[in-house]
Amino acid sequence: MGKAIVVTSGKGGVGKTTSTAAIGAALAQRGEKVVVVDFDVGLRNLDLVMGAERRVVYDLINVIQGEAKLAQALIRDKRLETLYLLPASQTRDKDKLTQEGVEEVITALKKNFDWVICDSPAGIERGPTMAMRHADVAIVVTNPEVSSVRDSDRIIGLLDAKTVKAEQGERVEKHLLLTRYDPARAEAGDMLQVDDVLEILSIPLLGIIPESTDVLRASNLGTPVTLADKHSETAQAYFAAAKRLSGENVPIVVPTDRRSFFGKFFGRKAA
Amino acid sequence: MNIFRLFVKPKSASTARERLQVLLAHERASVGGNDLVTILRDEILAVISKHVHVDDNKVYVKLERGVHVSTLEVDVQIPFDTRRRAA
C-alpha cells in the first residue's frame, strides 16, 4: 500500500506544480513507482510541466464519472518507467470531483503505486479540500513572503480539520517545503529567513529550494527540474527533499549567498 | 544589496515576521467564528439597534489587533427625535 501525498499551499504561484513534478521524478529515479495526480480541474498544468500535454486522452473526471478506466487515463512518462501522470480535466466542472469518486481513485492508486502525489489547486474551496482529503502526508509549499506564510497557516489548519485522518482522530504528517528562497536577500535582512518561517508555521522542514532560473528553464522544456539538470542546485535540493520524504536522514543545508565579497559590495553575482 | 543602500534602508524581514506573528495569533484563535472582538462588535450593534433605528451608513467600527490587547471602537450616530415630548 502506497502513501498519498498532497502538495498544497493555499496561495497560487508558490511552486506546487513544479514541486509535484520535481519530487515525483526524484522518487521515480530511485526506482519507486510514482503517480502524480493533477487536481486543478479547469486549469490543469501538471501535464505541461511534465511534458505530457499532447498525450492526454482521458482525465481524472472521466475516471470518476466511469467514462474511462483508471489504467486508460494514466499517462506513462517517456523518460522514467515508473513515473505516471493522471491529468485533471480542462473542460469539466470541478463539482464533478465527488468525495466518493476521489476516494475510489486514490484507494486504487495507492494499491498500485508507492507514492500518489496530488497536486492541489490554489485556494481553500472544493478542489483543494478534495486534493487533501485522503492524504497521509502533506507538503506545504511556502515562499518566504507574508501572504504565502499566512495562507500556509490557514492550509495547515484545514489539514488538521478537514481530512479523513483528522476526522478519524489521527494526524496528517505535515512538511514544509520552502521555495523561491533567495539567500542574498535573506542575508541582507529583506526576506524572511528559514528560521522565521519555521518558527511561525511550526511544522518540520522538508527542504529549501533556492530561487533559480532552472525552474523556468525546466518548465519551458516540459521536464521536471530533477530530470532537466540533475546537478543543478535546484535539482539537488529536490533530491534531498525526496530522500527525507522516504525517511532518509539528510541534513538540511540553508543555501548561502554565493556572490563574492567584491560582488556583494556592488550587487553582482559571482558566477 | 549595494553597500550604499545598506545604511539607508531599514531591514524589512523583521517587520514581516512581527506582522505575521500578531496576525496569525488572531487568525488561529478566530477559526470557526469564535473571534471575541467580532462577536462583541455584532452584539453591541444588536443592542443599540434594539432601542433606536441605526442607519448602517452611520456606524463606524474601528478595530486594532495588538499582541496583548485589541481595541474595538464603535461609533454610532443615534438620531435625536425632536418631535417627541416628555409625557
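In order, the protein sequence lines correspond to chains A and B. Residue numbering for the first sequence follows our numbering, beginning at 1 and increasing consecutively. Residue numbering for the second sequence follows our numbering, beginning at 1 and increasing consecutively. Think of the CB as a built atom: it goes at the ideal place given N, C-alpha and C, for glycine as much as any other residue.
Restricting attention to alpha helix (DSSP H) runs no shorter than 4 residues, the stretch 86-127 of chain A encloses them at 99-112, ordered along the chain.
In the three-state reduction of the DSSP assignment, A/HIS175 falls in the strand class.
For B/ARG19, the chain A residues whose Cβ falls inside 8 angstroms of its Cβ are VAL146, in order along the chain.
Annotation: A/ALA184 to A/ASP257 spans about 5 angstroms, alpha carbon to alpha carbon. In chain order, PRO224, VAL225, THR226, TYR238 place their CB closer than 6 angstroms to the CB of A/ALA22, counting only its own chain and leaving out the 5 sequence neighbours on each side. Chain order gives no chain B residues near A/LEU205, where near means a beta carbon separation below 9 angstroms; the closest approach is about 17 angstroms.
Counting the other CB atoms within 10 Å of its CB gives B/GLY66 a total below 16, which places it among the exposed residues. Taking C-alpha positions only, B/ILE39 is separated from A/GLY169 by approximately 29 angstroms. Burial is judged here by how many other beta carbons sit within 10 angstroms of a residue's own beta carbon; A/LYS165 has at least 16 and is buried. Look at the beta carbons and you see the stretch 143-150 of chain A not touching the stretch 121-134 of chain A: under three pairs across the two are nearer than 8 angstroms. As for any alpha helix (DSSP H) of minimum length 4 sitting wholly inside the stretch 186-265 of chain A, the runs are 194-201, 213-221, 225-228, 233-245, ordered along the chain. Three or more Cβ pairs drawn from the stretch 69-80 of chain B and the stretch 39-52 of chain B lie within less than 8 angstroms of each other, which places the two stretches in contact. DSSP places A/ALA166 inside the alpha helix (DSSP H), whose first and last residues are 164-167. At least one beta carbon of chain B lies nearer than 9 angstroms to the beta carbon of A/GLY157. Contacts with chain A at 9 angstroms (Cβ-Cβ) include B/ARG28. If you draw a straight line from the Cα of A/LEU80 to the Cα of A/ALA28, it comes to about 7 angstroms. Per DSSP, A/VAL63 is one residue of the alpha helix (DSSP H) stretching across 60-64. Residues of chain B whose Cβ lies closer than 7 angstroms to the Cβ of A/VAL149 are, in chain order, LEU20.
Under the 9 angstroms criterion on CB atoms, A/ALA166 is classed as non-interfacial with respect to chain B. Interface with chain B (9 angstroms Cβ-Cβ cutoff): A/ILE200 is included. Using beta-carbon distances, B/ALA13 counts as an interface residue toward chain A, with a partner under 9 angstroms. Neighbours of A/LEU192 across chain B, judged by C-beta separation under 7 angstroms: ALA13, ALA16, ARG17. Proximity of the stretch 61-76 of chain A to the stretch 86-101 of chain A meets the contact definition, three or more beta-carbon pairs being nearer than 8 angstroms.
Rounded to the nearest whole angstrom, the CA to CA distance from A/GLY247 to A/ARG30 is 13 angstroms.
Residues are counted here when their Cβ sits less than 9 angstroms from a Cβ of chain B; for the stretch 172-193 of chain A these are ALA184, ARG185, ALA186, GLU187, ALA188, GLY189, ASP190, MET191, LEU192, GLN193, given in chain order. For A/LEU43, the number of other beta carbons within 10 angstroms of its own is below 16, and it is reported as exposed.
Counting along the chain, A/THR20 sits inside the alpha helix (DSSP H) bounded by residues 16-29. Listed along the chain, the chain A residues whose CB falls inside 8 angstroms of the CB of B/LEU23 are ARG150. Within chain A, GLY157 have C-beta atoms less than 7 angstroms from the C-beta of B/VAL31, given in sequence order. Taking 9 angstroms as the cut-off, the beta carbon of A/LEU85 is found closer than this to the beta carbon of A/VAL35. Nearest to A/GLU173 by alpha-carbon distance, out of A/PRO204, A/ILE209, A/ARG154, is A/PRO204.
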